[in-house]
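In our numbering, the protein residues as written are 25 to 161.
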C-alpha cells in the first residue's frame with residue numbers, strides 16, 4: 025500500500041486511471057450516440073431498405089434547407105409524434121451536426137424503432153459530401 029501512496033507513484037497511478045478512462049470513453053458513449061451511420065450508409069439505407077430521413081431541427085431550420093424527402097419532427101415533439109413513423113423501415117435521424125440526433129435515435133429505439141440510426145455529422149456532413157439539399161416552402 026505504501027508503494028501506491030508514494031508521491032512519485034501516485035502520479036503514475038493517476039495517469040494510468042486517466043488514460044484508461046480516455047480509452048473507454050468512446051465505447052461507453054456508443055449506446056447513447058444513436059448508432060451513427062456515415063452519409064453513404066444512410067443513402068444505402070434510404071435506397072435499398074426505403075429508409076426515412078427525419079429532420080429533428082426546428083421548423084424554421086427545416087424550411088431553410090434539408091435532405092430531399094426528409095420529414096420534419098422537431099426533437100421536442102419526437103415522443104408525442106413518433107407514432108407517425110413506420111417501425112418496419114430504417115429511420116435515419118439527423119440534425120445540424122449529429123449531436124441531438126443521436127439522443128433522438130436512442131429514444132426512438134427505446135420506443136421500438138429497432139432500425140433508428142443517427143446521421144453521423146448531421147446535415148453538415150451531408151452537404152460536405154456534395155449531396156443535394158432542398159428548401160421547403
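The C-beta atom is built at its ideal place from N, Cα and C for all residues, glycine as well.
For residue 137, the three-state secondary structure derived from DSSP is coil.
Burial of residue 66 is indicated by the presence of at least 16 other C-beta atoms within 10 angstroms of its C-beta.
Exposed is the label assigned to residue 157, since fewer than 16 other Cβ atoms lie within 10 Å of its Cβ. Cβ atoms of residue 154 and residue 114 stay farther apart than 8 Å, at about 22 Å.
Boundaries of the beta strand (DSSP E) harbouring residue 78: 76-79, taken from the DSSP string.
Listed in chain order, the non-local C-beta contacts of residue 35 below 7 Å within the same chain number zero, local neighbours out to five positions each way being set aside.
Below 8 Å, too few C-beta pairs join the stretch 83-98 and the stretch 131-139 to call them touching: fewer than three. Annotated three-state conformation of residue 143 is strand, per DSSP. In this structure, 120 is the residue among 160, 138, 63 and 120 with its C-alpha nearest to the C-alpha of residue 80.
Residue pairing from DSSP leaves residue 148 without any beta-bridge partner. Shown here, residue 96 sits in a strand according to DSSP, grouped into three states.
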